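Since the structure comes first, as structure tokens, the remarks are kept for the end.
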Amino acid sequence: MKKIALIVAIAIGGCTNGVQNQQNGTEEVKTVQQETPKAEETQAPVDEAQQAMTESMAPNEQWTETAVEKRVREIYEEVNKYSKVETPAQELHEKYATEYFIETYRKMWEINAKHDQETGGVFFNRDYYWDNGMPMPLRVKDVKVELLTGNMAEAQFKVESEDGVMTTDVKWSMDWERGEWRISDWMGLGEREESLMASMEKYIEEYGK
0 MKKIALIVAI AIGGCTNGVQ NQQNGTEEVK TVQQETPKAE ETQAPVDEAQ QAMTESMAPN
60 EQWTETAVEK RVREIYEEVN KYSKVETPAQ ELHEKYATEY FIETYRKMWE INAKHDQETG
120 GVFFNRDYYW DNGMPMPLRV KDVKVELLTG NMAEAQFKVE SEDGVMTTDV KWSMDWERGE
180 WRISDWMGLG EREESLMASM EKYIEEYGK
């Protein structure tokens, strides 16, 4: 009888341990399942990135040479409103330049203010790139546009004085930003075949230390 009782006890004990192990195993599986991220949670950042990329692209109606040319002419119509006063560069920047250009321009002038005219004011003492040193009002002609990517374009054109005596070639790099085409750089200003953005960045690097 004692042997039978012992065998029964062992059998019951084994069944109990088996049930406990099975329960523990179930709990472990549940824990792993709870830690596994849901599919929609892992997909959300991708969707946000795609949305941001889409918003940075010019819409179809603006992704045309005609739309960019129209924007160039609109900007100079605004510039010509200041024909009898000094061109308010900062105001025009806020309206028509990219955020990076505005930020770089402000930083350059902060540094410029800490230097005298010999070290800091020679190159940037006048916002010549808006009127190119010509009497205003100005006329825009021969606009040629090159579409580069979904949010970048280049516009080359001539700017001339109202009487047609003075003229200069201008090239703008333009980015689609904040829902419109904005200027990110000036190049080819008369005899100065250089990037205005590169000049400002170089100025900041040399004098901003």
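The sequence shown: position 73 = 72 (numbering that gives the first Met the number 0), numbered continuously.
Where is the CB? At the ideal position from N, CA and C, for every residue including glycine.
On a predicted model such as this, the values are computed, not experimentally measured, just so you know.
- For the options Glu-161, Glu-193, Asn-150 and Leu-195, the alpha carbon positioned closest to that of Ala-66 is the one of Asn-150.
- Taking a C-beta distance under 8 Å as the contact criterion, Val-158 and Asn-131 qualify as a contact pair.
- Taking the C-beta atoms as reference points, Ile-182 is found no nearer than 8 Å to Met-107.
- For the set Asn-59, Trp-62, Glu-60 and Arg-72, the Cα lying nearest the Cα of Arg-138 is the one of Arg-72.
- The alpha-carbon separation between Val-169 and Ile-110 amounts to approximately 27 Å.
- Beta-carbon to beta-carbon, Met-196 and Thr-103 are separated by about 7 Å, close enough to satisfy the 8 Å threshold.
- A distance below 8 Å separates the beta carbons of His-92 and Ile-101.
- For the 8 Å CB-CB criterion, Glu-98 and Glu-176 form a contact.
- In this structure, the alpha-carbon of Lys-201 lies about 19 Å from that of Trp-171.
- Within its own chain, the residues whose Cβ lies closer than 7 Å to the Cβ of Tyr-75, once the five positions on either side in sequence are excluded, are Leu-137 and Val-139, listed in chain order.
- Judged by beta-carbon spacing, Met-135 lies within the 8 Å limit of Asn-79, meaning their Cβ atoms are closer than that value.
- DSSP links Arg-138 through a beta bridge to Glu-159.
- Close CB contacts of Arg-70 within its chain, under the 6 Å cut and outside five residues either way in sequence, are with Trp-180 (chain order).
- Assignment of Arg-177 by DSSP, reduced to helix, strand and coil, places it in the coil class.
- A direct Cα-Cα distance of roughly 25 Å separates Tyr-81 from Asp-174.
- Trp-171 is bridged by DSSP to Ala-154 and Trp-185.
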